[in-house]
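Engineer: Attaching a single structure in structure tokens format; questions to follow.
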Amino acid sequence: MGKHIIEEAQRCLQCKNPQCQKGCPAGTPIKEMIASMLRGDMLNAGERLFMNNPLSVICALICPHEKFCEGHCILGRKQSPVQISSIENYISSYFLDQVRLTPAISTGKMVAVIGSGPAGITVAFMLAQRGYGVTIFESSERIGGVLQYGIPEYRLPKSILREIEEMLVSIGVKIRPNIRIGPVLTIDDLFRDGYQSVFIGTGVWNPRPLRIPGESLGHVHYAINYLKNPDVYSLGRRVCVIGAGNVAMDVARTALRKGVREVYVLYRRGEADIPATHYEYEYARIEGVRFEFFKSPTAIVPEGVRYVETEMRPCEDGTEALYCVEERTGLFAADSVIIAASQSPANTLVSSTPDLQTNSSGLLLTGEDGQTSVPGIYASGDVVTGAKTVVEAVRFSKKAAEAMVKYMEREAKGSGEDRPLASCLENPVIKNKKI
Ligand SMILES: Cc1cc2nc3c(=O)[nH]c(=O)nc-3n(C[C@H](O)[C@H](O)[C@H](O)COP(=O)(O)OP(=O)(O)OC[C@H]3O[C@@H](n4cnc5c(N)ncnc54)[C@H](O)[C@@H]3O)c2cc1C
Ligand code: SF4
């Protein structure tokens, strides 16, 4: 591994105007990280990555790199791009092993973070590093959100999340697992108890139904529910996954790993339109997932999925549109059916905080800095943008954390408590580096 990583790093041209950094939603300083590593200054390289993105070690494993950093590397125009993700993972893993964090000097102010996915973790790191007393409220048993309960172990080892959790605790973050804010404790209760600002990073956890007959039958499941704990499902020998995005690929590959003999993905469009990234699709294919294109489900029955065939037809304006061919219908036999047709937010917080405004899909409405319709409440990640990526949740959450600091500073000034705050980037709480 070492030789390969070093050779990849040596291929970097150290461009004056690095496109890779522009292609990364978090603006990762890729050129500098590679230069530091090749100089032998691994801790400096790791610190740069961590301070820019506390989930760098995870992003390096699961970002759609071909779309982001590596897709923008100039070498990729004529040959293969520098494998930035492998270099980043090597440096970030080393850094997490070596570094020990300690709490920052307290500002005496408390912040509540609802949800411990990538958005909540980013905000918690940024605010705790500035001396805010952060408490995370998480409805599940463990932190991580989709990282813990969605992305399968073979793509993201859960041991990394335990390391992240230890780091959060070491800088003073308090974690309250198994508590859903909304039904019992509400956001009003949090303000009553002295939290100066509240962050919402609750993601999108309601599966989107297809609204076709048969969806409530006993052999039908939703992707996001299945991925939470695949071991509790008895799927039978032949499974049909409806939908062809990345979540569908995770479901199909997990089902094969859990012993299902035949896994089919049913998709209403063709291979060219598959929403999953190229590599996720290719991995699914080579692992044995089979694809049935141009079939649109119309009903689920005990024997499987009834469908109508579809086809692309030319339109007058030169484009193409998808049509159902009504006379070509069929039954796709399956013991179990898993629906992977995207997700939307659960509304427990909104129903208990009526002033929070949402759009018609239930996503929270915020400004660019994550400010919601209620002063002091900020939000970012999937609950605002809809299903996106980890690195995009990190980028947005950094902005939200900055805005929360400004809000709390303004509030402190208003109440006569003017206190300067240490800058997280200039005054990191990284200490006691092991050698
Ligand atoms: C199966 C799957 C695979 C994916 N694969 C990738 C990938 O390979 N690469 C990539 O970049 N992105 C991937 N994504 C997308 C990515 O994981 C999300 O964009 C990201 O996790 C969003 O982060 P978040 O913090 O906004 O929300 P989440 O990760 O959803 O976290 C929200 C957290 O809030 C908690 N919560 C919800 N309501 C409450 C409440 N009322 N009180 C307390 N806690 C609450 C939830 O339990 C959860 O822990 C994938 C998504 C899925 C579903
Ligand atoms: S965070 Fe993701 S997109 Fe950005 S450099 Fe790292 S792997 Fe690439």
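Under my numbering, the first residue of the sequence shown carries the number 1, and numbering increases by one thereafter.
Cβ coordinates follow ideal geometry from the N, Cα and C atoms, glycine included.
Alpha carbon to alpha carbon, what distance is there between ASN246 and PRO275?
Structural biologist: Distance between the alpha carbons of PRO275 and ASN246 is about 7 Å.
Engineer: Could you give the distance in angstroms between the alpha-carbon of ASN347 and the alpha-carbon of GLY362?
Structural biologist: Each residue's alpha carbon lies about 7 Å from the other.
Engineer: On the criterion of 16 or more Cβ atoms from any shown chain inside 10 Å, does THR353 qualify as buried, or is it exposed?
Structural biologist: By the 10 Å Cβ count, THR353 comes out buried.
Engineer: In whole angstroms, what is the alpha-carbon distance linking ASN432 and SER85?
Structural biologist: No answer about ASN432 holds up, because its pLDDT of 40 lies below 50 and its placement is not dependable.
Engineer: Ordered along the chain, which non-local residues of its own chain (more than five positions away) have a Cβ less than 7 Å from that of ILE62?
Structural biologist: ILE151, ARG155, LEU156 and VAL390, listed in sequence order.
Engineer: Rank GLU280, GLU309, THR298 and VAL263 by C-alpha distance to the C-alpha of ARG269 and give the top, closest one.
Structural biologist: Closest option to ARG269, Cα to Cα, is GLU309.
Engineer: Return the chain-ordered list of same chain residues with a C-beta closer than 6 Å to the C-beta of GLU292, the five sequence neighbours on each side being excluded.
Structural biologist: Contacts found: TYR264 and LEU266.
Engineer: Where do the ends of the alpha helix (DSSP H) carrying CYS24 lie?
Structural biologist: Element bounds for CYS24: n/a, residue is neither H nor E.
Engineer: Tell me, please, which residues DSSP counts as bridged to GLY201.
Structural biologist: DSSP lists no partner for GLY201.
Engineer: Given a cut-off of 7 Å, decide if LEU185 and VAL198 are closer than it, judged by their beta-carbon atoms.
Structural biologist: Contact: no.
Engineer: For GLY120, which three-state DSSP category applies?
Structural biologist: Helix, per DSSP.
Engineer: Measure the CB-CB distance between CYS12 and VAL82 and report whether it falls below 7 Å.
Structural biologist: Yes. Within cutoff.
Engineer: Using DSSP bridges, identify the partner residues of HIS221.
Structural biologist: DSSP, once it has assigned bridges, lists ILE338 as partnering HIS221.
Engineer: Which same chain residues, not among the five before or five after PRO29, have their C-beta less than 6 Å away from its C-beta?
Structural biologist: These residues qualify, in order along the chain: ARG48.
Engineer: Would you identify the three-state DSSP class for CYS240, choosing helix, strand or coil?
Structural biologist: Note: CYS240 maps to strand in three-state DSSP.
Engineer: Which residues in the same chain as ALA403 place their Cβ atom closer than 7 Å to its Cβ, once the five residues preceding and following it in sequence are excluded?
Structural biologist: Cβ within range, chain order: ASP369, GLY370, GLN371 and TYR378.
Engineer: Looking only at DSSP bridge pairs, what is THR366 linked to?
Structural biologist: Note: THR366 sits in no beta bridge, so no partner.
Engineer: Can you name, in chain order, every residue of its own chain whose Cβ lies under 6 Å from the Cβ of ASP41, other than the five neighbours on each side?
Structural biologist: So no residue of the chain qualifies.
Engineer: How many Å lie between GLN98 and LEU43 at the Cα?
Structural biologist: Their Cα atoms are separated by approximately 8 Å.
Engineer: Between the C-alpha atoms of ILE5 and LYS228, what's the straight-line distance to the nearest angstrom?
Structural biologist: Approximately 33 Å, taken between the alpha carbons.
Engineer: Mapping the DSSP letters down to three states, classify CYS69 as helix, strand or coil.
Structural biologist: The answer is helix: DSSP assigns CYS69 an H, G or I state.
Engineer: Suppose the cutoff is 8 Å on Cβ atoms and the five residues either side in sequence are ignored; what does the same chain contact list for PRO302 look like?
Structural biologist: So the qualifying residues of the chain are LEU217 and HIS219.
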